[in-house]
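Worksheet for the structure shown next.
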Amino acid sequence: MRILIIDDERFLCQTIADFFEDMGYECETAFDGRQGVQAFEATQPDVVLCDLNMPQLDGFGVLDAITHKSPETPVIVVSGVGVIADAVRAVRHGAWDFVTKPIRDMNVLEHRVSKALERADLLRQNRRYREHLEEEVKKRTADLRKEANERLEAQHKVQVLNEEIIHTQKELIMLLGDVVEHRSKETANHVRRVAEISYLLAIKSGMDKTEAETLRLASPMHDVGKIAIPDSILNKPARLTTEEFEIIKSHTLIGFEILNHSKRRIMKAAAITALQHHERWDGKGYPHGLAGEDIHVYGRITCIADVFDALTQKRIYKDAWPLDKVLDMYRKQSGLQFDPHLTDILLNSTDEISAITTRYPDSSQS
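Laid out in structure tokens, this is it:
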């Protein structure tokens, strides 16, 4: 990995370079902003460490130049300015992180660099996956358009085709959800039960049928971001480390990025559920710590449905909880983890939910 260090304090610049070279990195140095931009273009580093207060071109100018040329290259500001406003401004100009001088422990800086590189790699993987997915969608859309044109001889055949497309989309959504759940060792009908329970809660909460149907189609994709999580972490039987848990939590953001680029109403709804289904009513969830009704109703409903199914179904690593124990947990977590109004609806809908579970059993139970 190559690091570019841009700082007009030559001694500090060389000290940082010596440290990272000892850690096995290749280092390039520049002592003013303009020289730093030139060095960036010449060396194409994997990560940049940049001061703010420099001659020729300040750090904000460097940030603008680098992020314009290579937005996926992480830039960490290392500055002695120490003003919060400057840190915020740096982030707005494209900085990935901000470390203040003096640097008392170089290992802290190395940790920031390591995390930035991990994030950059994850973003690149996500971009490649999204491009592949978009290409597959284009290919599938082209195939469907060709098929539709061949059936335009009669109006009733067009209608048949449209119904087939809608059915295919629903199946693809379910299959995508199944693929993700299979990687994380969930069972085949988990996403179907989550979809149906979400629809039930939505209707009973007063949501109109069209929007409730949108949620039914969107909720199976709530964990799609897990497709980018390594199997070694996703299926680790032991307790996750803090860093591993941070990677797991990133599936909400990754799922949002995958789905939110679509202009389709269902995909937009799925992006919301992917992003917010781990938020909590009390604000202690992730990724953004939203609370109460700041959490979209799609996220609140999917959270309740997902947790209910996970607890009531047997898994390789656990037995199913008795229904009384599950309902008692929901009573205790009402207003904490879960929306209290939606929790009341669930507690009063156990017969309907049991019918859903019976309709979509796990393969081992059917």
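Just so we're aligned: 302 in full-length UniProt numbering is position 302 of the sequence shown, and the numbers increase by one with no gaps anywhere.
C-beta atoms are modelled at their ideal positions from N, C-alpha and C, and glycine is treated no differently.
Problem - Contacting residues, own chain, Cβ-Cβ under 7 Å from Lys204 (five flanking each side not counted) - result: Counting from 1 along the sequence shown, the entry for residue 204 is found at position 204. Contacts found: Ile345 and Ser349.
Handout entry: Minimum length 4: unbroken alpha helix (DSSP H) runs contained in the region 239-313
Key = Within the region 239-313, the complete alpha helix (DSSP H) segments of 4 residues or longer fall at 242-249, 251-260, 265-276 and 297-312, listed in chain order.
Exercise for the section: Decide if Thr141 is buried, meaning its Cβ has at least 16 other Cβ atoms within 10 Å, or exposed. Expected result: Locating residue 141 in the sequence shown gives position 141, counting from the first residue. Classification of Thr141: exposed, given that the 10 Å Cβ count is below 16.
Problem - Unbroken beta strand (DSSP E) run spanning Gly60, endpoints - result: Start at 1 with the first residue of the sequence shown, and residue 60 comes out as number 60. Correcting the residue type first, residue 60 is Phe in the shown sequence and not Gly. Where Phe60 is concerned, there is no enclosing beta strand (DSSP E), although the alpha helix (DSSP H) it sits in stretches over Gly59 to Lys69.
Problem - Contact check, Glu196 vs Tyr360, beta carbons under 8 Å - result: Counting from 1 along the sequence shown, the entry for residue 196 is found at position 196. Counting from 1 along the sequence shown, the entry for residue 360 is found at position 360. Yes, these two residues count as a Cβ contact at 8 Å.
Practice task
State the DSSP-derived secondary structure class of Ser354, mapped to helix, strand or coil.
Solution key: The residue given as residue 354 occupies position 354 in the sequence shown. Look at Ser354 here: in three-state DSSP terms it is helix.
Exercise for the section: Evaluate the contact criterion for the region 199-213 versus the region 221-229: three or more CB pairs, one atom per stretch, below 8 Å. Expected result: Because the criterion of three Cβ pairs below 8 Å is not met, the region 199-213 and the region 221-229 do not touch.
Handout entry: Element boundaries [alpha helix (DSSP H), containing Glu213]
Key = Counted from its first residue, the sequence shown places residue 213 at position 213. Unbroken alpha helix (DSSP H) run through Glu213: Lys209 to Ala218.
Problem - Simplified DSSP state of Ala95, which is helix, strand or coil - result: Locating residue 95 in the sequence shown gives position 95, counting from the first residue. Here Ala95 sits in coil by DSSP.
Exercise for the section: Have a look at Thr242 and His277 and give me their C-alpha separation to the nearest angstrom. Expected result: Position 242 of the sequence shown, counted from the start, is the residue given in the question as residue 242. Position 277 of the sequence shown, counted from the start, is the residue given in the question as residue 277. The alpha-carbon atoms of Thr242 and His277 are separated by roughly 20 Å.
Exercise for the section: Report back the beta-carbon spacing between Pro74 and Leu12 to the nearest angstrom; my notes put them in contact at under 8 Å. Expected result: Locating residue 74 in the sequence shown gives position 74, where the first residue counts as 1. Locating residue 12 in the sequence shown gives position 12, where the first residue counts as 1. Actually they do not touch by this definition, with Cβ atoms about 20 Å apart.
Practice task
Would you identify the three-state DSSP class for Ala85, choosing helix, strand or coil?
Solution key: By 1-based counting over the sequence shown, the position of residue 85 is 85. For Ala85, the three-state secondary structure derived from DSSP is helix.
Problem - Ala320: first and last residue of the uninterrupted alpha helix (DSSP H) it sits in - result: For the purposes of this step, residue 320 is taken as residue 320 along the sequence shown, with counting starting at 1. Neither: Ala320 is in no alpha helix (DSSP H) and is coded neither H nor E.
Problem - Where Ala218 falls, given that 16 or more other Cβ within 10 Å makes a residue buried - result: As a first step, residue 218 is located in the sequence shown; it is residue number 218 there, counting from the start. Here Ala218 is buried, its C-beta having at least 16 other C-beta atoms within 10 Å.
Practice task
Check whether the region 257-269 touches the region 279-293, taking contact to mean three or more Cβ pairs, one atom from each stretch, closer than 8 Å.
Solution key: Judged by Cβ distances under 8 Å, the region 257-269 makes no contact with the region 279-293, as fewer than three pairs qualify.
Handout entry: Segment limits, alpha helix (DSSP H) that includes Ile197
Key = Indexing the sequence shown from 1 puts residue 197 at position 197. Counting along the chain, the alpha helix (DSSP H) containing Ile197 begins and ends at His190 to Lys204.
Handout entry: Reduced DSSP secondary structure (H/G/I, E/B, other) of Phe31
Key = The residue you call residue 31 lines up with position 31 of the sequence shown. In the three-state DSSP reduction, Phe31 falls in the coil class, being neither helix nor strand.
Problem - Coil, strand or helix - Val158 by DSSP - result: By 1-based counting over the sequence shown, the position of residue 158 is 158. Residue placement at Val158 cannot be trusted, given a pLDDT of 46 that sits under 50; what the coordinates show is reported in the next sentence. In the structure shown, Val158 sits in a helix (DSSP, three-state: H, G or I).
Exercise for the section: Assign Leu347 to buried or exposed, taking buried as 16 or more other Cβ atoms, counted over all protein chains shown, within 10 Å of its Cβ. Expected result: For the purposes of this step, residue 347 is taken as residue 347 along the sequence shown, with counting starting at 1. Exposed is the label assigned to Leu347, since fewer than 16 other Cβ atoms lie within 10 Å of its Cβ.
Exercise for the section: Could you tell me which residues DSSP puts in a beta bridge with Leu49? Expected result: In the sequence shown, the residue the question calls residue 49 occupies position 49. Under DSSP, Leu49 shares a beta bridge with Ile5 and Ile76.
Handout entry: Touching by the beta-carbon criterion (3+ pairs, under 8 Å), the region 126-145 and the region 50-69
Key = No, the region 126-145 is not in contact with the region 50-69.
Practice task
Identify which residue in Gln337, Glu72, Thr358 and Gly292 has its Cα closest to the Cα of Leu123.
Solution key: If you number the sequence shown from 1, residue 123 lands on position 123. Answer by Cα proximity: Glu72.
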